[in-house]
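S.K.: Chains as they are written, first to last, in our numbering: chain A, 436 to 732; chain B, 384 to 596. We treat Cβ as the ideally placed atom computed from N, Cα and C, and that holds for glycine.
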Amino acid sequence: MHLTIARSGEPVTSDVMSTTATTAGAKAHARAQHGRMADLMRHVPASTSPIPPEDVRTEQLVWSETVAAGGYTTAVMARGTRIRLSDPDGNACAHLLLHRVDGPHERLNVADTVKVPWRAYLGTGHPLLSGFGRVLATIVADTSAAHDALAGTTTQSGNEAKYGAAAPESGSPAGRELFLLGALKHGLGRRDLPPSVSFFKGVRVTPDGSLVWEGSAGPGTAVDLLLHIDAIVLLANTAHPLDPRPEFTCSPLRVQAWAAPGDLDALNAGDLVGPLEPEHRQAVANTDADLVARGVL
Amino acid sequence: MTVPALVPGAVVLDETVAARAPWSAIVAAGDVLTIVDIEGNQAVDCLLYAAADTAVRYSAQETIARQGRIALTTGSVLRADTGLALMTVVDDEVGVHDTLGGACSKESNTLRYGQHTRAQHGCMENFLIEGARYGLGARDLASNINWFMNVPVDPDGALGIVDGLSAPDKRVALRADVDTLVLVSNCPQINNPCNAFHPTPVRMIVTRPGGQA
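1) Mind listing the chain B neighbours of T590(A)? Cutoff is C-beta to C-beta under 7 Å, in chain order.
2) Could you tell me the distance, in whole angstroms, from the CA atom of V439(B) to the CA atom of D627(A)?
3) Report yes or no: is there a C-beta of chain B within less than 8 Å of the C-beta of E649(A)?
4) Using beta-carbon positions only, say whether G637(A) and D706(A) come within less than 8 Å of one another.
5) Step through the CB atoms of chain A and report whether any lies within less than 8 Å of the CB of N578(B).
6) Going by the beta-carbon positions, is the gap between V575(A) and L564(A) smaller than 8 Å?
7) Distance check for F510(B) and N529(B), CA to CA, integer angstroms please.
8) Name the two residues that bound the continuous alpha helix (DSSP H) containing N492(B).
9) How do the segment 552-560 of chain B and the segment 464-472 of chain B stand: do at least 3 beta-carbon pairs fall below 8 Å, yes or no?
10) My guess is that F531(B) and V386(B) are in contact by the Cβ rule of under 8 Å, so how many angstroms apart are they, rounded?
11) State yes or no: is the beta carbon of G735(A) nearer than 8 Å to at least one beta carbon in chain B?
12) With 8 Å as the threshold, decide whether the Cβ of G484(B) is near any Cβ in chain A.
13) Under 8 Å Cβ-Cβ, which residues of chain B neighbour Y556(A)?
14) Taking C-beta to C-beta, are E398(B) and M587(B) nearer than 8 Å?
15) Is the beta carbon of L646(A) closer than 8 Å to that of L733(A)?
16) Could you give the first and the last residue of the continuous alpha helix (DSSP H) run that contains H581(B)?
17) Would you call H534(A) buried or exposed, if buried means 16 or more other Cβ atoms sit within 10 Å of its Cβ?
18) Is the Cβ of A728(A) closer than 8 Å to any Cβ of chain B?
19) Using beta carbons (cut-off 8 Å, strictly below), is W693(A) in contact with chain B?
20) Name the chain B residues whose beta carbon is nearer than 7 Å to that of R611(A)?
21) Would you decide whether L585(A) is buried or exposed? Buried here means 16 or more other CB atoms lie within 10 Å of its CB.
22) Does DSSP classify E612(A) as helix, strand or coil?
23) Any chance the segment 497-515 of chain B sits against the segment 412-421 of chain B, with 3 or more Cβ pairs inside 8 Å?
24) Please confirm if R680(A) has its CB atom under 8 Å from at least one CB of chain B.
25) Let me see if you follow: with CB-CB separation under 8 Å, is N721(A) close to chain B or not?
26) Could you tell me whether the Cβ of V561(B) comes closer than 8 Å to any Cβ of chain A?
27) Around the C-beta of M452(A), are 16 or more other C-beta atoms found within 10 angstroms, so that it is buried, or is it exposed?
28) Could you give the first and the last residue of the continuous alpha helix (DSSP H) run that contains Q425(B)?
29) With a Cβ-Cβ cutoff of 8 Å, do T673(A) and P608(A) count as a contact?
30) Looking only at C-alpha atoms, which of E445(B), I409(B), V419(B) and L483(B) sits nearest to T434(B)?
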């Protein structure tokens, strides 16, 4: 005879012994879950990825993950890492922040990222700049061309007004709340969350200055980022703030990364995305000069 | 001192900010800050923080996403990254103020104009030194407002700081919706048209409509 407590608080009896009534049983129950696969998970080690990119050997991967709609992920990645963000189903929206690992007050600066290259729209060859005259990453491939550096991510008050909920555990998480969780995992906090960029949902500016939603380029697109410095990568996958659909709409985001240090040389030589613009070359020069002085290069 | 505040009231503060200098004040909820472009086409870089909690700060992205338009003018609500309304533009004699271009700095000067411009004073210097008076640092700087600065986006996505639309004694007025720390850099940039290649002073007037100073 086994005694349990019913929801009402009244003791009840059961003839069936629970498998988790003892520490040994609970441990066995927990351990029996190991090794299971799910559609939405990080693959550790990354070489066990069931979804490797076609152009990369599985054993090269350092990050493989499918992020849920409304989920977030974060990892520290080394200089020379190539990060591919993919939108397999067409409704992912990858909100991105980058912080320098060895001094996270140096981080993505969206104003410099659009002002310095003289370009408001993100695409292949666009540098993602810090506020200190250096380049954190370069967009080195892009089959979507529907991205946004202007409207940022969603906020608690915005999502509560639009969808009725914004908490990370809700069905419509605000991007800023997800960013905050990711930042907190690195010892960072609210002050460390600057404006962000997002991929897979296009926004354009009309001649009168209005923001126009262009939405997704469709399923199956991808964007590749190449890191110039060791970076904290924060990714939130949640509906864009200008998404006009009244129901929260988002689909999984795929993240894959691998070491590609030769790509930095090719980029700088003009062999990866063509000749770099003069502002981009200066940013690479400033970044590399700093790394040389630190003994990294 | 030729023009009055855009919104009449008891004058709480009336100060001139020298060319190239920083400035700050806490504007109490309900008070109105008038910024006067004394000589015309002087960019006034501006950051806002909730005085009660400076981790709640102006967000260019939340502001423009919520209003659906990149430029600021009368009616624009200047929101924090929580969505909170910090200030509202209640009057404007120019019609277009920038939200995208951010601040100049010694470091970004090297990218835009060459390494020889690193020595020049920049808005980031002003923001850092003035913000430090309130315990703020590099982590607290985000995309700022550029009053009187003109940054169009062309149909192909080209973006840039072009000749200003302001003129001598043009004004913009901001009402504080909560007690707001206003951090300003009177832009020292001399390599682009944001200050007509000649930084000049601006004037800050805080008025309390219907109130006693």
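M.R.: To lay it out plainly:
1) Stepping through the first sequence from its first residue, residue 590(A) is reached at position 155. The answer, in chain order, is E445, D464, T465 and G466.
2) As a first step, residue 439(B) is located in the second sequence; it is residue number 56 there, counting from the start. As a first step, residue 627(A) is located in the first sequence; it is residue number 192 there, counting from the start. Approximately 12 Å between the Cα atoms of the pair.
3) Residue numbering aside, residue 649(A) sits at position 214 when the first sequence is read from its first letter. Output row for E649(A): interface = no.
4) Counting from 1 along the first sequence, the entry for residue 637(A) is found at position 202. Counting from 1 along the first sequence, the entry for residue 706(A) is found at position 271. The answer is no: Cβ separation not under 8 Å.
5) The sequence position of residue 578(B) within the second sequence is 195, counting from 1. Chain A, which has no Cβ nearer than 8 Å to the Cβ of N578(B), makes this no.
6) To locate residue 575(A), count along the first sequence from 1; it is residue 140. To locate residue 564(A), count along the first sequence from 1; it is residue 129. No.
7) Position 146 of the second sequence, counted from the first residue, corresponds to residue 529(B). Position 127 of the second sequence, counted from the first residue, corresponds to residue 510(B). Cα to Cα, the separation comes out at about 13 Å.
8) The count along the second sequence starts at 1 and reaches residue 492(B) at position 109. K489 to Y496 is the span of the alpha helix (DSSP H), which, as asked, contains N492(B).
9) yes
10) Taking the second sequence and counting its residues from 1, the one referred to as residue 531(B) is at position 148. Taking the second sequence and counting its residues from 1, the one referred to as residue 386(B) is at position 3. So it is not a contact: roughly 14 Å between Cβ atoms.
11) Absent from the structure is residue 735(A), since the part of chain A shown begins at 436 and ends at 732.
12) Within the second sequence, residue 484(B) is the residue found at index 101, counting from 1. G484(B) counts as touching chain A.
13) The residue labelled residue 556(A) in the question sits at position 121 within the first sequence. Neighbours of Y556(A) on chain B, chain order: G540.
14) Along the second sequence, one-based indexing puts residue 398(B) at 15. Along the second sequence, one-based indexing puts residue 587(B) at 204. Result yes, Cβ atoms of E398(B) and M587(B) sit closer than 8 Å.
15) Since the first residue shown for chain A is 436 and the last is 732, residue 733(A) is missing from the structure and cannot be characterised.
16) Taking the second sequence and counting its residues from 1, the one referred to as residue 581(B) is at position 198. Here H581(B) belongs to no alpha helix (DSSP H), and DSSP marks it neither H nor E.
17) Stepping through the first sequence from its first residue, residue 534(A) is reached at position 99. Buried, by the Cβ-count rule.
18) Counting from one through the first sequence, the residue named residue 728(A) turns up at place 293. No, A728(A) lies away from the interface with chain B (no Cβ there is under 8 Å from its Cβ).
19) The residue given as residue 693(A) occupies position 258 in the first sequence. W693(A) does not count as touching chain B.
20) Indexing the first sequence from 1 puts residue 611(A) at position 176. Those within 7 Å of R611(A) in chain B are D464.
21) Here the question's residue 585(A) lines up with position 150 in the first sequence. It is buried - the Cβ of L585(A) has at least 16 other Cβ atoms within 10 Å.
22) As a working mapping, residue 612(A) is identified with position 177 in the first sequence. Helix, per DSSP.
23) no
24) For the purposes of this step, residue 680(A) is taken as the residue at position 245 of the first sequence. For R680(A), the answer is no, since every Cβ of chain B falls outside 8 Å of its Cβ.
25) Locating residue 721(A) in the first sequence gives position 286, where the first residue counts as 1. True, the Cβ-Cβ gap to chain B drops below 8 Å.
26) Within the second sequence, the letter at position 178 stands for residue 561(B). It does not: the Cβ of V561(B) has no partner Cβ on chain A nearer than 8 Å.
27) The residue given as residue 452(A) occupies position 17 in the first sequence. Flag for M452(A) reads exposed.
28) Against the second sequence, residue 425(B) aligns to sequence position 42. Element bounds for Q425(B): n/a, residue is neither H nor E.
29) Within the first sequence, the letter at position 238 stands for residue 673(A). Within the first sequence, the letter at position 173 stands for residue 608(A). In contact: T673(A) and P608(A) (Cβ atoms closer than 8 Å).
30) Within the second sequence, the letter at position 51 stands for residue 434(B). What sits at residue 434(B) in the sequence shown is Ala, not Thr. Comparing Cα-Cα distances from A434(B) to each of E445(B), I409(B), V419(B) and L483(B), the minimum goes to I409(B).
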